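Heads up: the sequence lines are chains F and W, in that order.
In this text, residue positions in the first sequence follow my numbering: the first is 1, and each later residue adds one.
In this text, residue positions in the second sequence follow my numbering: the first is 1, and each later residue adds one.
We put the CB at the ideal spot given by N, CA and C, even for glycine.
Remember, it's a predicted structure, so these values are computed and weren't measured experimentally.
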Amino acid sequence: MTEAANAAPITLIEGVTQALAWEMAHDDSVVVLGEDVGVNGGVFRATVGLQDTFGPWRVIDTPLCETTIAGLTVGMAVQGMKPVAEAQFEGFIYPMLEHLICHAARMRYRTRGRLSCPLVVRAPWGGGIRAPEHHSEANEALFANVPGLRIVIPSSPARAYGLLLAAIRDPDPVIFFEPKRIYRQYKELVPDDGEALPLDVCFVLRDGSDVTLVSWGATVKETLEAADALEAEGISAEVIDVATIKPLDFDTIHESVTRTGRCVIVHEAPKNVGVGAEIAARLAEQAMYDLVAPVERVTGYDTHMPLFRLEMKYMPGVQRIVEAAKRTLAVS
Amino acid sequence: MTIAASFEIEYRQYLDTDGNPIGSNLPPIARDLEQLVAIYQLMSFTRVFDSKAIALQRTGKLGTYASSLGHEAAHAAIGSAMRPEDVLAPAYREYAAQFWRGVTPREVLLYWGGDERGNDFAGPRNDFAWSVPIATQCLHAAGSALAFKIRGEKRVAVSVCGDGGSSKADFYAALNSVGALELPMVLVVVNNQWAISVPRSRQSAAKTLAQKGIAGGLHCLQVDGNDLIACRGAMDEALARAREGGGGSVIEMVTYRLHDHTTADDARRYRDDDEVKAAWQREPLGRLRAYLTRLGAWDDEKDGLWQAQCEARVGEEVDAYLNTRSQPVEAMFDYLYAEAPLDIAQQRALAVAREVRHD
Numbered sequence: 001m002t003e004a005a006n007a008a009p010i011t012l013i014e015g016v017t018q019a020l021a022w023e024m025a026h027d028d029s030v031v032v033l034g035e036d037v038g039v040n041g042g043v044f045r046a047t048v049g050l051q052d053t054f055g056p057w058r059v060i061d062t063p064l065c066e067t068t069i070a071g072l073t074v075g076m077a078v079q080g081m082k083p084v085a086e087a088q089f090e091g092f093i094y095p096m097l098e099h100l101i102c103h104a105a106r107m108r109y110r111t112r113g114r115l116s117c118p119l120v121v122r123a124p125w126g127g128g129i130r131a132p133e134h135h136s137e138a139n140e141a142l143f144a145n146v147p148g149l150r151i152v153i154p155s156s157p158a159r160a161y162g163l164l165l166a167a168i169r170d171p172d173p174v175i176f177f178e179p180k181r182i183y184r185q186y187k188e189l190v191p192d193d194g195e196a197l198p199l200d201v202c203f204v205l206r207d208g209s210d211v212t213l214v215s216w217g218a219t220v221k222e223t224l225e226a227a228d229a230l231e232a233e234g235i236s237a238e239v240i241d242v243a244t245i246k247p248l249d250f251d252t253i254h255e256s257v258t259r260t261g262r263c264v265i266v267h268e269a270p271k272n273v274g275v276g277a278e279i280a281a282r283l284a285e286q287a288m289y290d291l292v293a294p295v296e297r298v299t300g301y302d303t304h305m306p307l308f309r310l311e312m313k314y315m316p317g318v319q320r321i322v323e324a325a326k327r328t329l330a331v332s
Numbered sequence: 001m002t003i004a005a006s007f008e009i010e011y012r013q014y015l016d017t018d019g020n021p022i023g024s025n026l027p028p029i030a031r032d033l034e035q036l037v038a039i040y041q042l043m044s045f046t047r048v049f050d051s052k053a054i055a056l057q058r059t060g061k062l063g064t065y066a067s068s069l070g071h072e073a074a075h076a077a078i079g080s081a082m083r084p085e086d087v088l089a090p091a092y093r094e095y096a097a098q099f100w101r102g103v104t105p106r107e108v109l110l111y112w113g114g115d116e117r118g119n120d121f122a123g124p125r126n127d128f129a130w131s132v133p134i135a136t137q138c139l140h141a142a143g144s145a146l147a148f149k150i151r152g153e154k155r156v157a158v159s160v161c162g163d164g165g166s167s168k169a170d171f172y173a174a175l176n177s178v179g180a181l182e183l184p185m186v187l188v189v190v191n192n193q194w195a196i197s198v199p200r201s202r203q204s205a206a207k208t209l210a211q212k213g214i215a216g217g218l219h220c221l222q223v224d225g226n227d228l229i230a231c232r233g234a235m236d237e238a239l240a241r242a243r244e245g246g247g248g249s250v251i252e253m254v255t256y257r258l259h260d261h262t263t264a265d266d267a268r269r270y271r272d273d274d275e276v277k278a279a280w281q282r283e284p285l286g287r288l289r290a291y292l293t294r295l296g297a298w299d300d301e302k303d304g305l306w307q308a309q310c311e312a313r314v315g316e317e318v319d320a321y322l323n324t325r326s327q328p329v330e331a332m333f334d335y336l337y338a339e340a341p342l343d344i345a346q347q348r349a350l351a352v353a354r355e356v357r358h359d
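Set out below in structure tokens:
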């Protein structure tokens, strides 16, 4: 792996590009399709250079219609391809829902395994980049209620690379949300070795003993910063990146809470029936007697993601996470 | 005045309502009596099956069922014109097309009888299962055609929707992408005049539904959907053109839904008996039988024998369906994912534990 050893550190979005390029080079059935993914290399540059390498029938600019992209993707997947579709923004993904919910998610199930849908829909996801309306939503909970889907949200360059490889190789449909606010937040060395990371598991990013902080996507950044701030005050916080929202690896969260007795769930999506509610419910069901304080949720408010002048006030910040953690520690 | 674009939609009919040939320029299928007899037998078998399925529903032995009565020529033309390696993305009543391709009557009954195994076709393994969400199958066929094109395979994808389906975004999206990406696909609109209770006139102000394909740059044709020879000739032409890279087509087959939308519907609430009686005068089965009889390829004696065979075969299929035991409770978890995640495995075990078995 000389090339990997010599590689320069990359950003999260470069991790996406690197994973797509690796898998396309090693599996002829992988194709990329979407709006502006070809010549333009994607509006965020996620597919830059791929059409030059793999040609216009492996990296396909489609007509401007998300229904089309989703329907073509289902058809291709059923006929033996592994399409990776791009929804240009998560706010434009809704025309795809009928194909994803009524067909992709139930293709294997309803045909008793005769047909299947090994597809990936990638979408830049979440707020925080001062984008126009409909470009900043955190809508993972909508998908988490659908049987048959997997939902993955990476929060680092290495996890973007490893989890996207796993998503493409997975035999079932995967919704892959990319936290656009941290697309270029920092770089790390990600060996281009084709090694996938496991789906369906949480990643413990920091060990701690006093409180468990659980998050995913871009707010993993603020959650880690909150852990630093708590440490400065002598509080040891464990930080878990859920990464795969569905199916949820509850065991990792449960094990942590068994030790800490306290849990703060952080997500930028609205609070009501958000994925945090599922985690809190499972803690109530399975960890009630391990908890020494009520579970806290630090989330977006139950209103629309505001236009960008107010968007950072909508999203959970470090201070709100620290305060919530301290509230759990006030109980003993 | 400068005309930027203009178009015409050709209409084809080769058999009049009495089965007499119209004109002299009949397509090749009109002379292939052996195949026409096989197609007639398929249409007639489908009608026997359909009548039995409705009876099963009426006696509580089948769930809601969508009849294909009156659509037999359109559906038989679609199925018989396709090659085995082509892919069909049906709506939910194209039984004649599916029977020709190897779907069994017991699979149809299992599906409408509430059992997912009906979608596990023993025959055409790559064909799509029934698509209840309207017109979504048009894009799945387009995606299949895209896969064929990328892999350099000479296969064609065919989808079928109704007059109602042609109003949906997916229909327009499909014909647009088939044109823009130059995909080997045939999109058939079986226009049976009624989308449950809403008539064709309320679906669109377009004079024909075929002309919607003009907007996508496709070949467009309207045929008498009760004339097997017209339907089959149109399919042969469109499939051959698509297979050779000559572009996709929209074919509108104009027919009539002689039964209710499904067994859960009562069409007497919204349409006149006179209209239905008039439509029976144009129905497809008698028309093809008259044509074949006139040419000496079929007669009443053969028809009587064939009807008896159909009854016997349908009876066997119905028995097989009625004797198929329900899936065990864990079936609702199986095949959800290739490999069950922990949550699903746990819920499956719970459901199995709760099940009181009587066997």
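Worksheet item: In its own chain, which residues sit with a C-beta less than 7 Å from the C-beta of K61 (chain W), not counting the 5 before and 5 after it?
Response: L322
Discussion item. Among the candidates W:S67, W:T59 and W:Q13, whose CA atom is the shortest distance from the CA of D50 (chain W)?
Written reply: W:S67
Practice prompt. Assuming V220 (chain F) contacts V264 (chain F) (C-beta within less than 8 Å), just tell me the rounded distance between them.
Written response: Actually they are not in contact, since the Cβ atoms of V220 (chain F) and V264 (chain F) sit about 13 Å apart, beyond 8 Å.
Discussion item. As a quick exercise: from W:L56, W:L26, W:W298 and W:V190, pick the residue whose alpha carbon is nearest that of E237 (chain W).
Written reply: W:L26
Worksheet entry | Unbroken alpha helix (DSSP H) run spanning M43 (chain W), endpoints | L33 to R58
Worksheet item: If we count the other Cβ atoms within 10 Å of its Cβ and call it buried at 16 or more, is Y14 (chain W) buried or exposed?
Response: buried
Discussion item. I want to see whether chain F comes within less than 8 Å of S68 (chain W), judged by CB atoms only; does it?
Written reply: no
Fill in: Limits of the unbroken alpha helix (DSSP H) element including E231 (chain F)
T219 to A232
Worksheet item: M333 (chain F) versus chain W: which residues are under 9 Å apart at the beta carbon?
Response: Any answer about residue 333 (chain F) is impossible in this case: the structure gives chain F only from 1 up to 332.
Worksheet item: So, does the CB of W216 (chain F) fall closer than 8 Å to a CB anywhere in chain W?
Response: no
Worksheet item: Whose CA, out of F:K246, F:N40 and F:K82, lies closest to the CA of C117 (chain F)?
Response: F:K82
Discussion item. For A243 (chain F) and R159 (chain F), which I take to be in contact (beta-carbon distance under 8 Å), what is that distance rounded to the nearest angstrom?
Written reply: 6 Å
Worksheet entry | C-beta atoms of A19 (chain F) and Y161 (chain F) nearer than 8 Å | yes
Fill in: Three-state secondary structure (DSSP) of M1 (chain F)
Bear in mind that a pLDDT of 43 at M1 (chain F), under 50, signals an unreliable position, so the number given afterwards is only what the model happens to contain. Of the three classes helix, strand and coil, the one that applies to M1 (chain F) here is coil, per DSSP.
Worksheet item: Which class does D334 (chain W) belong to by DSSP, given the choice of helix, strand or coil?
Response: coil
Discussion item. Give me the residue from W:S326, W:Y11, W:K154 and W:R257 with the minimum Cα distance to I251 (chain W).
Written reply: W:Y11
Item to complete: With 9 Å as the C-beta to C-beta threshold (strictly closer), list the residues of the segment 18-31 of chain W near chain F in chain order.
Response: none
Worksheet item: In chain F, which residues lie with their C-beta within 7 Å of the C-beta of D120 (chain W)?
Response: T111, R112 and R114
Worksheet item: Would DSSP call T244 (chain F) helix, strand or coil?
Response: strand
Worksheet item: In chain order, which continuous runs of the alpha helix (DSSP H) of length 4 or greater are located wholly inside the segment 133-174 of chain W?
Response: 136-151
Practice prompt. With DSSP as the reference, label A195 (chain W) as helix, strand or coil.
Written response: strand
Discussion item. Once the 5 residues before and after W112 (chain W) are set aside, which same chain residues still bring their CB inside 6 Å of it?
Written reply: L62, G63 and Y65
Worksheet item: Name the chain F residues whose beta carbon is nearer than 8 Å to that of L139 (chain W)?
Response: T67, T68, A70, G71, L72, V74, G75 and H99
Worksheet item: How is the alpha helix (DSSP H) around K61 (chain W) delimited, first residue to last?
Response: Segment: none, K61 (chain W) is in no alpha helix (DSSP H) and carries neither H nor E.
Worksheet item: Run through DSSP, which three-state label would V257 (chain F) get?
Response: helix
Discussion item. Suppose contacts are defined by Cβ-Cβ distances below 8 Å. Is L305 (chain W) in contact with L33 (chain W) by that definition?
Written reply: no
Worksheet item: In or out: I321 (chain F) buried (at least 16 other Cβ within 10 Å) or exposed?
Response: buried
Worksheet item: Do three or more CB pairs link the segment 48-66 of chain F to the segment 171-190 of chain W at distances below 8 Å?
Response: yes
Worksheet item: Under a Cβ-count criterion, where at least 16 other Cβ atoms within 10 Å of its own Cβ denotes burial, should L100 (chain F) be classed as buried or exposed?
Response: buried
Discussion item. Going by DSSP in three states, E268 (chain F) sits in which element: helix, strand or coil?
Written reply: strand
Item to complete: Answer yes if the segment 127-138 of chain W comes into contact with the segment 335-353 of chain W, meaning at least three C-beta pairs across the two stretches below 8 Å, and no otherwise.
Response: no
Fill in: Separation of A157 (chain W) from L139 (chain W), as counted between CA atoms
10 Å
Item to complete: Starting from the Cα of G152 (chain W), find the closest Cα among W:P184, W:D163 and W:G123 and give me that residue.
Response: W:P184
Worksheet item: S215 (chain F) bridges to which residues according to DSSP?
Response: F:D241 and F:V266
Worksheet item: Candidates F:F89, F:P179 and F:V78: which alpha carbon is nearest A105 (chain F)'s?
Response: F:V78
Fill in: Buried versus exposed, by CB contacts within 10 Å (16 or more), N192 (chain W)
buried
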